[in-house]
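Worksheet: one structure, shown below.
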């Protein structure tokens, strides 16, 4: 290896990854040790090895959540994917006899969320290039064991992806497209023919693609000839003239080459980017199929509903109402991207697991095999602060009004520790079961609400946004607001409506899993009892519905208020519900400009003097101030234009004042030393008092000092210049223009 | 498939001697794609074909310029047909047609010309080799103009030998090379225009060069006076009768499988009337037969569907065309939709298939029961532009701010958006009044007629901050600090700046300065229309008209 590294002929060296190196130098793959970040404050009451255990718990919770989210996103894309695949399959079918020319099929997919479009393109590509057709005779997907009659069928299409970076000019674009296709061997048995560069068709010549496709058709047969699909990512960033030529050249070769273009547009469907950017002559070549991605509030709504409010899915960690509001606000206000929400939720999970007690989020074993071992671990001396905090927490939740005395008596018997652990388990079970019941109640609320809206009662729709309704469900105010209103409307329902509603509720519960049906036996029984009160169809006209409707309404109202209490009613709820997430704002949406300003004005908050970071608590009185701060203060005090000489004078004055201050404090107990050059040798004002030699020294020192100040000024002003605070206009001699005005005091 | 049948038909033509005559397969079949479905009869272009044949078969001129600004695709088709039908004796013509958009490098151009002239098929099995003559398998004639000329001479020699006409001067091989969309040579291969025009002289062969273009020779010619004046042929626009006849010829001749079919030959008479109607409605706007054919393709299935419904009710045949009265009724029902079809289909807001599906008469709509009924028109242009994109709230604010920055003069910002220290907004200019202009001074053109102005990023952020302060305060979850302080930080946050870039990539904002320029402020332009800005402003409760210096 060293020989290779030193060799001039080896320009690139590949070092394969063999796992992380241990301290003793031995390779041990998979032994990467990562802990969850824990702040010093929380680390005091953390369990030994707690960060690692919490990381495992976080990993389990997040994986479950993100897997579910990906499934939902995949399902959201499914209709468009199916339509695109259908369009590709049907392209170049029987032409219309009146059609004067063949059009180039082009599918434009608009969606502002580029990451989502990228994921959709991946879905489309995998669907089109799947070797076995997913459509079997009965219309079902291919069986799981992989046995299918159509397994030997070739892929529906060959797919090539192109991005603007691949296409700086037409030659590169054609080459990317053509080589993307011809790199696939036209038949399975044959190796790709070696083409000689000079005597073969150029790799950017579309005739090469024709030759290759003829070979494919010859091998597969005309009936199974695959289509050629070109995916163009970030279509707006492509050069217009280049794409015009690309479309024109391709249109000359259809339908012999069954080319289909799929475009990813991030611009809105109206006004259409294609129609504003491309001439009519190009548009006339295309047969445009347009699709719009599900975006905006609907996408987030279905994502949150199906992840955190679905009766069939139980996340390890539920979003608290304030987190839910935060996520919705960030999404609707700043960035309507599903990727952004995924990142946000991941950060929320990470933040949640910073609390030491969340080690119990998935189980109470503390990384051991049994509860006894876990209790032994808690008994150890280093676990004492953790145990204390746990005990305090329990005691507090049992008797919130009494004073805690557990901390004073640290030695708990083992039985107590075990009982605490089992109580933690119980608390988890209770919280989970409560969340499950809340989810079911929310689902029933949506069924009733959906039914009423379907019946034409528009007032049953949410007056608040769907996200507020979700957080209202967790906070417990849904039952008092929308729930109550819906129940009241049910009381006024007609006989036919009531019977239809009850039938729908019965059907809904009947369709749930066995476990839910078993748990909700009581609810089902209630509904069946209510259904039993409905007379037969022939006696429906004479039936007085008021009594039953009132009973249903009352039951619904009671059901909602019972099942949707506040989320914080259960003991230890905060281990399974996320809390405030607003502190994440600075993480996901930082304000670099304000931070830079703050750093320039208050450098002591950012600079580490010696080994110790300065906080507001231990802020010393006499700290050396960086030159940049002096210069910046002068900058802020001046007008629109700054005279550089005046600025220099002011800088000199500031430095001298600073030196005097430092000297006067030098005799004090200053532990922190300046990392700059030492204090100025210039002495205090005392000209004429000393001897002539002293005066000479002083003059010499003065000159040195003036030079130093000048050098420091020049260096600092250049730093400001690099940071973009100064603009040189040349309009006025010795003056520069400010770029920042009216700074808020941050 | 019609194209494949055409191809198979052309392949049946024996390729015995491409020297003696030209077969269809001597040309790139793809060149015919655009007009492949058009019938052989091309009324109005018969003269053109004859003139072309005369010019190409005569010893001179060696350079022909075919100019057709209106229907170049049709002319291309006519030219191909003409080349295919040129008399095979006494001249030994070998022809090639290349497209100058497709041949965007010299190598592709040379390869295409030589391959086509030599009738060489580059197959995958043979390593996609280009034509290299009989002797040198490793020789290439595509690396420079000299090699190409050498290739042409080699080819000519080989062809002469194989035809046994090498010594007979009178029966020399004549190459005809057609350059379609020749105007693109000026962009792609400007240095080759002169050699290509004088190819015969350079190669010492009998070569006729034909440029087909939609622009004048003067716009293609690199240096006037240096090149020989071409023999010019200009294709006139099709007359009304010719265009209608061409469109009618389009109607399929063959029998259909099921009699209840829009392309039943019984309906041919009705089709003729239909074409005349469409022509009379649409010809003031476009007389391009291709476009009219596109509109006809979209409308015809819907147009005949009431008759087909009647036929379905009638049961067994024979089916007859509608009466004069029925035809009038159909015309009355469908004539209004022709304009709509033109408005939608000519700019390609929808494809013909999509428009046809959206505007077909309702299921079961019969001609015999259509008296007094009218058909609804869907997807007019006004309906298409109704939707507005769903944007994050901050992006909507940025767009409204950018719209204001683009239409308001920079000097008016303080007056329109400024706020006095006491918290009250400053007196704003009330719109509506007319300006008094001094006589003799030209009135200032309103900014909305001049298009959006570009503005620096700082101005956008300043306006954005004011708008957020005035109209977004109550939507903030938490509010601390003094007036303006929070917004000063807010507008410089990362998400704000990334939202601006996101809007640029969505083509709602336009960045006028290059992206890699870091010296000086970035300049932007708003790309949303007044209507869209107004809708967005309504969404976020900003009174846009009050904030505009010159309200519309």
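Chains as they are written, first to last, in this note's numbering: chain A, 8 to 753; chain B, 111 to 662.
Note that CB positions come from ideal geometry on N, CA and C, so glycine has one too.
All figures in this text were calculated on a predicted structure; none of them were measured in a lab.
Q: Round the Cβ separation of residue 405 of chain B and residue 388 of chain B to the nearest angstrom and send it over; I've been treating them as touching at under 8 Å.
A: Within the second chain, the letter at position 295 stands for residue 405 of chain B. Within the second chain, the letter at position 278 stands for residue 388 of chain B. Indeed, because the Cβ distance is near 6 Å, the residues count as touching under 8 Å.
**Q.** Closer than 8 Å to chain B by CB, residue 84 of chain A
**A.** Here residue 84 of chain A refers to the residue found at position 77 of the first chain. At least 8 Å separates the CB of residue 84 of chain A from every CB of chain B.
Q: Find the nearest neighbour of residue 452 of chain A within the set A/432, A/391, A/106, A/509, judged by alpha-carbon distance.
A: The count along the first chain starts at 1 and reaches residue 452 of chain A at position 445. Checked all of A/432, A/391, A/106, A/509; the closest Cα to residue 452 of chain A is A/509.
Q. In chain B, which residues lie with their C-beta within 8 Å of the C-beta of residue 118 of chain A?
A. Along the first chain, one-based indexing puts residue 118 of chain A at 111. Chain-ordered listing is empty here: chain B has no CB closer than 8 Å to the CB of residue 118 of chain A, the nearest sitting near 10 Å.
Q. Would you say residue 221 of chain A faces chain B, with C-beta separation under 8 Å as the test?
A. Locating residue 221 of chain A in the first chain gives position 214, where the first residue counts as 1. Yes, its Cβ sits closer than 8 Å to a Cβ of chain B.
Q: Return the residue from the list A/541, A/245, A/448, A/211 that minimises the CA-CA distance to residue 515 of chain A.
A: As a first step, residue 515 of chain A is located in the first chain; it is residue number 508 there, counting from the start. Closest option to residue 515 of chain A, Cα to Cα, is A/448.
Q. Using a C-beta to C-beta distance shorter than 7 Å, which residues of chain A count as neighbours of residue 504 of chain B?
A. Taking the second chain and counting its residues from 1, the one referred to as residue 504 of chain B is at position 394. In chain order: 340, 341.
Q. So who's on the other strand from residue 115 of chain A, going by DSSP bridges?
A. On the first chain, residue 115 of chain A is found 108 positions in, with the first residue counted as 1. In DSSP, residue 115 of chain A forms a bridge with A/270, A/297.
Q | DSSP-derived helix/strand/coil call for residue 336 of chain B | A | Mapped onto the second chain, residue 336 of chain B falls at position 226. Residue state, collapsed to three classes: coil.
Q. Whose CA, out of B/437, B/438, B/170, lies closest to the CA of residue 338 of chain B?
A. Position 228 of the second chain, counted from the first residue, corresponds to residue 338 of chain B. Selected option, being the one with the closest Cα: B/170.
**Q.** Cutoff 8 Å: residue 596 of chain A Cβ touching any chain B Cβ
**A.** As a position in the first chain, residue 596 of chain A is number 589, starting the count at 1. So yes, residue 596 of chain A belongs to the interface.
Q | residue 176 of chain A, enclosing alpha helix (DSSP H) - first and last residue | A | As a position in the first chain, residue 176 of chain A is number 169, starting the count at 1. Careful: residue 176 of chain A lies outside any alpha helix (DSSP H) and carries neither H nor E.
Q: Please specify which runs of the beta strand (DSSP E), each continuous and at least 3 residues long, are wholly inside the stretch 252-333 of chain B, giving them in chain order.
A: Within the stretch 252-333 of chain B, the complete beta strand (DSSP E) runs of at least 3 residues are 283-290, 316-323.
Q. What are the residues of the stretch 442-463 of chain B that lie near chain A, defined by any Cβ-Cβ distance shorter than 9 Å?
A. Taking 9 Å as the Cβ-Cβ cut-off against chain A, the residues of the stretch 442-463 of chain B that qualify are 456, 457, 458, 459, 460, 461, 462, 463.
Q: Identify whether residue 346 of chain B lies in helix, strand or coil by the three-state DSSP scheme.
A: For the purposes of this step, residue 346 of chain B is taken as the residue at position 236 of the second chain. It is coil, neither helix nor strand.
Q) Is it true that the stretch 362-371 of chain A meets the stretch 59-74 of chain A, where meeting means three or more beta-carbon pairs spaced less than 8 Å apart? A) Verdict: yes, contact present.
Q) Is residue 245 of chain A close to chain B, meaning its C-beta is less than 8 Å from at least one C-beta of that chain? A) Residue mapping note: residue 245 of chain A aligns to position 238 of the first chain, counting from 1. With 8 Å as the cut-off, residue 245 of chain A does not count as an interface residue toward chain B.
Q.
Considering just the uninterrupted stretch of the alpha helix (DSSP H) at residue 227 of chain B, what are its terminal residues?
A. Here residue 227 of chain B refers to the residue found at position 117 of the second chain. Note, residue 227 of chain B: alpha helix (DSSP H), 216-227.
(Q) At the 8 Å Cβ level, is residue 282 of chain A part of the contact set with chain B, yes or no? (A) Counting from 1 along the first chain, the entry for residue 282 of chain A is found at position 275. Residue-level contact check: residue 282 of chain A touches chain B, since one or more beta carbons of chain B fall below 8 Å from its beta carbon.
Q. Between which two residues does the alpha helix (DSSP H) harbouring residue 356 of chain A extend?
A. If you number the first chain from 1, residue 356 of chain A lands on position 349. 345-359 is the span of the alpha helix (DSSP H), which, as asked, contains residue 356 of chain A.
Q: Compare the C-beta of residue 177 of chain B with all C-beta atoms of chain A and state if any pair is closer than 8 Å.
A: Residue 177 of chain B sits at position 67 when you count from the first residue of the second chain. No, no contact with chain A.
Q) Under a three-way DSSP split, which group does residue 84 of chain A fall into? A) Start at 1 with the first residue of the first chain, and residue 84 of chain A comes out as number 77. DSSP, read as helix, strand or coil, puts residue 84 of chain A in helix.
Q: In the DSSP assignment, find the unbroken alpha helix (DSSP H) run with residue 445 of chain B in it and report its ends.
A: Taking the first residue of the second chain as 1, we reach residue 445 of chain B at position 335. For residue 445 of chain B, the enclosing alpha helix (DSSP H) covers residues 434-455.
Q.
If distances are taken between C-alpha atoms only, which option among A/654, A/479, A/127 comes closest to residue 743 of chain A?
A. One-based indexing of the first chain puts residue 743 of chain A at position 736. Here the closest residue by C-alpha is A/654.
**Q.** Cβ neighbours of residue 577 of chain B in the same chain (closer than 7 Å, five flanking residues each side left out)
**A.** Indexing the second chain from 1 puts residue 577 of chain B at position 467. Cβ contact annotation for residue 577 of chain B (same chain, cutoff 7 Å, sequence separation greater than five): 507, 510, 511, 652, in chain order.
**Q.** Local conformation of residue 239 of chain A per DSSP, three classes
**A.** Taking the first residue of the first chain as 1, we reach residue 239 of chain A at position 232. It is a strand residue.
Q: List the residues of chain A that residue 209 of chain B touches, going by C-beta distances under 7 Å, in chain order.
A: Counting from one through the second chain, the residue named residue 209 of chain B turns up at place 99. Listed along chain A, the residues sitting closer than 7 Å to residue 209 of chain B by beta-carbon distance are 259.
Q. Comparing alpha-carbon positions, which option in A/739, A/738, A/482 lies nearest residue 567 of chain A?
A. Residue 567 of chain A sits at position 560 when you count from the first residue of the first chain. Residue 567 of chain A has its Cα closest to that of A/482, out of A/739, A/738, A/482.
Q) Nearest-angstrom Cα distance between residue 663 of chain B and residue 618 of chain B? A) Residue numbering for chain B in the displayed model covers 111 to 662; residue 663 of chain B lies beyond these limits and cannot be assessed.
Q. Under a Cβ-count criterion, where at least 16 other Cβ atoms within 10 Å of its own Cβ denotes burial, should residue 156 of chain A be classed as buried or exposed?
A. Here residue 156 of chain A is taken as the residue at index 149 of the first chain, counted from 1. Low per-residue confidence applies at residue 156 of chain A: pLDDT is 44, beneath 50, and the placement is therefore not dependable enough to give any value.
**Q.** Under 7 Å by beta carbon: chain A residues contacting residue 373 of chain B
**A.** For the purposes of this step, residue 373 of chain B is identified with residue 263 of the second chain, where counting begins at 1. Ordered by position in chain A, the residues that pass the 7 Å Cβ test against residue 373 of chain B are 104.
Q: Sort B/356, B/232, B/341 by Cα distance to residue 348 of chain B and report the nearest one.
A: Position 238 of the second chain, counted from the first residue, corresponds to residue 348 of chain B. Per the Cα distances, B/356.
Q) Under 8 Å between the Cβ atoms of residue 240 of chain B and residue 221 of chain B? A) Mapped onto the second chain, residue 240 of chain B falls at position 130. Mapped onto the second chain, residue 221 of chain B falls at position 111. Yes, Cβ-Cβ distance for residue 240 of chain B and residue 221 of chain B is below 8 Å.
Q: Give the straight-line distance between the Cα atoms of residue 62 of chain A and residue 360 of chain A, rounded to the nearest whole angstrom.
A: Taking the first chain and counting its residues from 1, one reaches residue 62 of chain A at position 55. Taking the first chain and counting its residues from 1, one reaches residue 360 of chain A at position 353. In this structure, the straight-line span from the alpha carbon of residue 62 of chain A to that of residue 360 of chain A is close to 8 Å.
Q: Determine which residues share a DSSP beta bridge with residue 565 of chain B and list them.
A: The sequence position of residue 565 of chain B within the second chain is 455, counting from 1. In DSSP, residue 565 of chain B forms a bridge with B/634.
Q: Can you say whether residue 374 of chain B is buried or exposed, counting buried as having 16 or more other CB atoms within 10 angstroms of its CB?
A: Taking the second chain and counting its residues from 1, the one referred to as residue 374 of chain B is at position 264. Flag for residue 374 of chain B reads buried.
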